[in-house]
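Q: With the numbering used here applied, the sequence shown corresponds to residues 14 to 309, in that order.
Ideal placement from N, C-alpha and C gives every residue a C-beta, glycine not left out.
Nothing here was measured: the structure is a model prediction, and the numbers come from that model.
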Amino acid sequence: MIRSLLKWPGGKSRVMPELLPHLPKAGCLVEPFVGGASVFLNTDYRRYILADINPDLIRLYREVKSNPELVIDLARPLFATGNSKEEYLQNRRIFNGTKGLLDVARAALFLYLNRHGYNGVVRYNQSGGYNVPFGQHKSAPYFPEAEIRQFAEKANDTKAIFLCSSFQNTLKVMVGTDEAIYCDPPYLPASETANFTQYHTEPFTEKHHRQLAAELLEVNRKYGAPVVISNSDTETTREIYHRFRLHEIDVQRSVSTDASNRQKAKEVIGTLGIVEGCPAGGCGNCESCGQCAEGA
Numbered sequence: 014m015i016r017s018l019l020k021w022p023g024g025k026s027r028v029m030p031e032l033l034p035h036l037p038k039a040g041c042l043v044e045p046f047v048g049g050a051s052v053f054l055n056t057d058y059r060r061y062i063l064a065d066i067n068p069d070l071i072r073l074y075r076e077v078k079s080n081p082e083l084v085i086d087l088a089r090p091l092f093a094t095g096n097s098k099e100e101y102l103q104n105r106r107i108f109n110g111t112k113g114l115l116d117v118a119r120a121a122l123f124l125y126l127n128r129h130g131y132n133g134v135v136r137y138n139q140s141g142g143y144n145v146p147f148g149q150h151k152s153a154p155y156f157p158e159a160e161i162r163q164f165a166e167k168a169n170d171t172k173a174i175f176l177c178s179s180f181q182n183t184l185k186v187m188v189g190t191d192e193a194i195y196c197d198p199p200y201l202p203a204s205e206t207a208n209f210t211q212y213h214t215e216p217f218t219e220k221h222h223r224q225l226a227a228e229l230l231e232v233n234r235k236y237g238a239p240v241v242i243s244n245s246d247t248e249t250t251r252e253i254y255h256r257f258r259l260h261e262i263d264v265q266r267s268v269s270t271d272a273s274n275r276q277k278a279k280e281v282i283g284t285l286g287i288v289e290g291c292p293a294g295g296c297g298n299c300e301s302c303g304q305c306a307e308g309a
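1. If you reduce the DSSP assignment to three classes, tell me which class Asp116 lands in.
2. Can you name the start and end residues of the alpha helix (DSSP H) that Ala88 belongs to?
3. For Asp116 versus Arg59, is the C-beta spacing smaller than 7 Å?
4. Less than 7 Å between the beta carbons of Ala153 and Asn96, yes or no?
5. In angstroms, rounded to a whole number, what distance separates the CA positions of Ser17 and Gly49?
6. Quick test of your reading: Asp246 and Glu228, contact by CB under 8 Å. State the CB separation rounded to the nearest angstrom.
7. Per DSSP, which residues does Glu261 bridge with? Please list them.
8. What distance in whole Å lies between the Cβ atoms of Val84 and Ile161, which are believed to be in contact at a cut-off of 8 Å?
9. Check Arg128 in the structure and name its three-state DSSP category.
10. Look up Lys20 in the DSSP assignment and say whether it is helix, strand or coil.
11. If you reduce the DSSP assignment to three classes, tell me which class Pro30 lands in.
12. Whole-angstrom Cβ separation of Asn194 and Val240, contact assumed at under 8 Å?
13. With DSSP as the reference, label Asp65 as helix, strand or coil.
14. Threshold first: 4 residues or longer. Then list the alpha helix (DSSP H) segments lying entirely within the region 125 to 192, N to C.
15. So, for Leu42: in the same chain, excluding its five sequence neighbours on each side, which residues have a beta-carbon less than 8 Å away from its beta-carbon?
16. Look up Leu73 in the DSSP assignment and say whether it is helix, strand or coil.
17. For Lys78, tell me which candidate among Tyr125, Ala173 and Phe180 has the shortest Cα-Cα distance.
18. Can you grab the Cα-Cα spacing for the pair Val264 / Pro34, in whole Å?
19. Rounded to the nearest angstrom, what separates Glu100 and Val232 at their Cα positions?
20. With a cut-off of 8 Å on the beta carbons, I'd call Asp197 and Lys20 a contact; round off their distance for me.
21. Please classify Asn138: is it buried, with 16 or more other beta-carbons within 10 angstroms of its beta-carbon, or exposed?
22. Here's a check: name, in chain order, each residue in its chain whose Cβ is nearer than 7 Å to the Cβ of Pro81, leaving out the five neighbours to either side.
23. For Ile7, which beta-bridge partners are listed by DSSP?
24. Would Ile66 and Ser243 qualify as a contact pair, given that the criterion is a beta-carbon distance under 7 Å?
25. Which residue wins for smallest C-alpha separation from Leu184, given the options Asp69, Pro45, Phe217 and Lys235?
26. If Tyr131 and Pro146 are in contact, beta carbons under 8 Å, what's the gap, nearest whole angstrom?
27. Is DSSP giving Glu231 helix, strand or coil here?
28. Could you check whether the Cβ of Tyr101 sits closer than 6 Å to any heavy atom belonging to the ligand ATP?
29. How about Ala278 and Ile253: do their beta carbons lie closer than 7 Å?
Rendered as structure tokens:
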């Protein structure tokens with residue numbers, strides 16, 4: 014399993030064995046919520062369109078693709094000397110307050126803040142300022158040098174396209190029939206204490222989930238593109254995504270101050286337009302495709 018270069022709440026590295034069998038064959042994978050990019054790193058599509066509404070995340074990925082060694086050179090000293098609250102807050106002030114900061118320098122700072130902040134959380138205030146507190150690490154956070162190079166190699170080999178875009182605009186790039194879509198939006202809360210959905214300046218609400226479900230149904234209807242989604246297993250999730258075939262899985266939650274208290278939670282993987290039993294997910298010609306797949 015190839016690891017993400019970021020710590021990312023809700024990252025898919027732990028569930029890739031369960032997720033991979035549901036991802037259909039296609040020439041291109043479109044991800045409107047790329048997040049930590051574990052799906053990109055651990056699949057073998059020829060092309061990728063990887064999007065997120067967070068400009069700092071997309072900037073980092075673009076810089077790693079274009080200038081991996083420079084990102085490494087700029088980030089290494091930050092990791093070497095920055096494992097204290099004072100250094101972290103100083104670097105956060107630079108990140109938030111320095112106008113005209115070069116993209117590659119801002120990318121290196123974002124990587125540092127992500128690895129040194131509270132448990133990989135990415136959060137902004139209403140003014141757009143990064144406001145995650147220091148993580149109080151017992152030992153220096155891991156510097157993902159190897160992961161940066163692995164990411165750059167795959168991004169260049171597949172000519173991956175990185176878009177800073179809403180899911181609505183990302184789905185408009187669907188221009189053919191050789192694309193599949195994987196969506197991992199911020200999760201609907203399973204409880205009041207689990208209600209954290211803000212990875213940008215605005216939270217991702219139930220209203221956004223309903224819009225997403227409608228957009229995905231339309232893209233599937235218009236282009237025939239198969240769709241896979243991940244989310245928490247709640248009554249609201251099942252109601253919003255009722256047109257999808259839902260598969261239950263258990264997942265170890267990662268956002269907690271105490272690793273010993275992290276418990277498993279129920280999630281669902283939803284599929285739309287995918288024929289179960291067909292090795293291509295819906296070729297239209299095999300025995301499985303000739304069977305009724307209502308709800309797929």
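A: Let's see:
1. By 1-based counting over the sequence shown, the position of residue 116 is 103. Three-state result, Asp116: helix.
2. Locating residue 88 in the sequence shown gives position 75, counting from the first residue. Here the alpha helix (DSSP H) through Ala88 covers Pro81 to Thr94.
3. The residue you call residue 116 lines up with position 103 of the sequence shown. The residue you call residue 59 lines up with position 46 of the sequence shown. No, the Cβ-Cβ distance between Asp116 and Arg59 is not below 7 Å.
4. By 1-based counting over the sequence shown, the position of residue 153 is 140. By 1-based counting over the sequence shown, the position of residue 96 is 83. Yes.
5. Looking up residue 17 in the sequence shown gives position 4. Looking up residue 49 in the sequence shown gives position 36. The straight-line gap from Cα to Cα measures roughly 6 Å.
6. By one-based count along the sequence shown, residue 246 stands at place 233. By one-based count along the sequence shown, residue 228 stands at place 215. That belief does not hold up - the Cβ atoms of Asp246 and Glu228 are roughly 22 Å apart, past 8 Å.
7. Numbered from its first residue, the sequence shown carries residue 261 at position 248. Partner(s): Val281.
8. To locate residue 161, count along the sequence shown from 1; it is residue 148. To locate residue 84, count along the sequence shown from 1; it is residue 71. That pair is a contact at about 6 Å.
9. Against the sequence shown, residue 128 aligns to sequence position 115. Helix at Arg128.
10. To locate residue 20, count along the sequence shown from 1; it is residue 7. Note: Lys20 maps to coil in three-state DSSP.
11. Translated into the one-based positions of the sequence shown, residue 30 becomes position 17. DSSP places Pro30 in helix when its eight states are reduced to three.
12. As a first step, residue 194 must be located in the sequence shown, where it is residue number 181. As a first step, residue 240 must be located in the sequence shown, where it is residue number 227. In the sequence as presented, Asn is not what sits at residue 194; that position holds Ile. Contact holds; Cβ gap of about 5 Å.
13. On the sequence shown, residue 65 is found 52 positions in, with the first residue counted as 1. Note: Asp65 maps to strand in three-state DSSP.
14. 158 to 170 and 180 to 184
15. Against the sequence shown, residue 42 aligns to sequence position 29. So the qualifying residues of the chain are Leu36, Val52, Phe53, Thr56, Tyr58, Arg60, Tyr61, Ile62, Glu192, Ala193, Ile194 and Tyr195.
16. By one-based count along the sequence shown, residue 73 stands at place 60. Helix.
17. Working through the sequence shown from its first residue, we reach residue 78 at position 65. Of the candidates Tyr125, Ala173 and Phe180, the one whose C-alpha sits nearest the C-alpha of Lys78 is Ala173.
18. In the sequence shown, the residue the question calls residue 264 occupies position 251. In the sequence shown, the residue the question calls residue 34 occupies position 21. Approximately 16 Å, taken between the alpha carbons.
19. Counting from 1 along the sequence shown, the entry for residue 100 is found at position 87. Counting from 1 along the sequence shown, the entry for residue 232 is found at position 219. Between Glu100 and Val232, the C-alpha separation is close to 47 Å.
20. For this step, residue 197 is matched to residue 184 along the sequence shown. For this step, residue 20 is matched to residue 7 along the sequence shown. About 16 Å separates the two Cβ atoms, so there is no contact after all.
21. Along the sequence shown, read from residue 1 onward, the residue named residue 138 stands at position 125. Flag for Asn138 reads exposed.
22. As a working note, residue 81 is residue 68 in the sequence shown. Ile161, Arg162 and Ala165, listed in sequence order.
23. This structure cannot speak to residue 7, because the chain is shown only from 14 to 309.
24. Start at 1 with the first residue of the sequence shown, and residue 66 comes out as number 53. Start at 1 with the first residue of the sequence shown, and residue 243 comes out as number 230. Contact: no.
25. Indexing the sequence shown from 1 puts residue 184 at position 171. Of Asp69, Pro45, Phe217 and Lys235, the residue nearest in Cα terms is Pro45.
26. In the sequence shown, counting from the first residue as 1, residue 131 sits at position 118. In the sequence shown, counting from the first residue as 1, residue 146 sits at position 133. Between Pro146 and Tyr131 the Cβ distance is about 5 Å, and since that is below 8 Å, they are a contact.
27. By 1-based counting over the sequence shown, the position of residue 231 is 218. Looking at Glu231 - three-state DSSP - the assignment turns out to be helix.
28. Although the ligand ATP was asked about, the structure shown includes no ligands whatsoever.
29. Here residue 278 corresponds to residue number 265 of the sequence shown, with the count starting at 1. Here residue 253 corresponds to residue number 240 of the sequence shown, with the count starting at 1. Result no, Cβ atoms of Ala278 and Ile253 do not sit closer than 7 Å.
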